[in-house]
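In what follows, a single structure is set out as structure tokens and then discussed.
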Amino acid sequence: AGGVVAAHGAQAASLSSARLLPPIGGGSGEEDPRPSTAQQPRDSARFFQNDALNFVFLIALGGAYYQVADVGTCLAIADAIPDSDFGSAFRAFSAAGERFAAEADAALAAGRRISAREAYWEAANYLFSATYCADPMGAPEQFAPTWHRQQALWEQGGALLDPPVELVRIPYEGTTLPG
-19 AGGVVAAHGA QAASLSSARL LPPIGGGSGE EDPRPSTAQQ PRDSARFFQN DALNFVFLIA
41 LGGAYYQVAD VGTCLAIADA IPDSDFGSAF RAFSAAGERF AAEADAALAA GRRISAREAY
101 WEAANYLFSA TYCADPMGAP EQFAPTWHRQ QALWEQGGAL LDPPVELVRI PYEGTTLPG
């Protein structure tokens, strides 16, 4: 999240000049001792210059409002993705999703149903975000398995509600759609 901190440097400087925050470095004019980031600084609305990747990231981050994402996790994911690198984005979102799926399984095994449900839904959110990256990274064959995995995780979380989510099949043109 170093890029985010650096991006807000101008805001901190303006607050510092208004005497709301102390100047960085103790006010003695010394240089900021924090390491700089290799990536371009980010502002609060734009994490990636690539519009499509920024959109995917903001959708994932927006899940924090619904408790299906963690801001710190999202920022760590963003730091693992060079701008316009959909392969890195797919891997970062997928790894986060699988990590939370494992946490959900462990929570469920320990009898912590609410923690398990929340972790399954967070895992599903990150894997859902990964699906956006399959085509742009040149691996459309990754879409279907990732989509099915995130759907299964979402349903696992839904099964832990009280009462559990009831899955239905909607008839449509000789087949059915999940609902």
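Residue numbers (the numbering used here): -19 to 159.
Ideal Cβ positions, reconstructed from N, Cα and C, are used throughout, including at glycine.
1) Distance check for TYR152 and GLY159, CA to CA, integer angstroms please.
2) Distance check for GLU102 and PRO143, CA to CA, integer angstroms please.
3) Confirm, please, whether the CB-CB distance from ALA58 to PHE160 is below 7 Å.
4) With DSSP as the reference, label TYR112 as helix, strand or coil.
5) Identify, in the order they occur along the chain, each residue of the same chain with its Cβ nearer than 8 Å to the Cβ of SER8, setting aside the five sequence neighbours on each side.
6) Taking the DSSP output, what are the residues bridged to PRO151?
7) Contact defined as beta carbons within less than 8 Å: I believe SER95 pairs with ALA87. What is the distance between those atoms, to the nearest angstrom?
8) I need the DSSP call for GLN29, collapsed to helix, strand or coil.
9) Run the CB neighbour count on PHE167, radius 10 Å, all protein chains shown included, and call it buried at 16 or more, exposed below.
10) For VAL48, which of helix, strand or coil comes out of DSSP?
11) When you compare only the Cα positions, how much space is there between ARG97 and TRP127?
12) Taking only runs of the alpha helix (DSSP H) that begin and end inside the region 28 to 103, which ones reach a length of at least 4 residues, in chain order?
13) Alpha carbon to alpha carbon, how far is ALA60 from GLY154?
14) On a Cα-Cα basis, can you pick out the residue from GLN29, ALA25 and PHE37 that is closest to CYS113?
15) Can you tell me where the alpha helix (DSSP H) holding ALA132 begins and where it ends?
Taking the geometry as given:
1) In the sequence shown, residue 159 corresponds to position 179, counting from 1. In the sequence shown, residue 152 corresponds to position 172, counting from 1. When rounded, the distance between both Cα atoms is 12 Å.
2) What you label residue 143 is simply residue 163 of the sequence shown in a count that begins at 1. What you label residue 102 is simply residue 122 of the sequence shown in a count that begins at 1. When rounded, the distance between both Cα atoms is 20 Å.
3) Because residue 160 is not part of the residues shown, which for the chain are -19 to 159, the question remains open.
4) Taking the sequence shown and counting its residues from 1, the one referred to as residue 112 is at position 132. Coil.
5) The residue you call residue 8 lines up with position 28 of the sequence shown. Reliability fails at SER8, whose pLDDT of 49 lies under 50, so the model's placement of it is uncertain and the value that follows must be treated cautiously. Excluding residues within five positions, none has a Cβ falling inside 8 Å.
6) Numbered from 1 along the sequence shown, position 171 holds the residue referred to as residue 151. Paired residues: THR156.
7) Reading the sequence shown from its first residue, position 115 is the one you call residue 95. Reading the sequence shown from its first residue, position 107 is the one you call residue 87. Correct: roughly 4 Å between the Cβ atoms.
8) Counting from one through the sequence shown, the residue named residue 29 turns up at place 49. In this structure, GLN29 counts as coil in the three-state DSSP scheme.
9) Lying before the first or after the last residue shown, residue 167 is absent from the chain, which here runs from -19 to 159.
10) Position 68 of the sequence shown, counted from the first residue, corresponds to residue 48. Coil at VAL48, not helix or strand.
11) Walking along the sequence shown from the start, residue 97 turns up at place 117. Walking along the sequence shown from the start, residue 127 turns up at place 147. Taking the straight line from one Cα to the other gives about 18 Å.
12) 31 to 42, 51 to 59 and 66 to 89
13) Taking the first residue of the sequence shown as position 1, residue 60 is located at position 80. Taking the first residue of the sequence shown as position 1, residue 154 is located at position 174. In a straight line, the C-alpha of ALA60 is about 44 Å away from that of GLY154.
14) Translated into positions along the sequence shown, residue 113 becomes position 133. Taking only the C-alpha atoms, the option nearest CYS113 is PHE37.
15) In the sequence shown, the residue the question calls residue 132 occupies position 152. 123 to 138 is the span of the alpha helix (DSSP H), which, as asked, contains ALA132.
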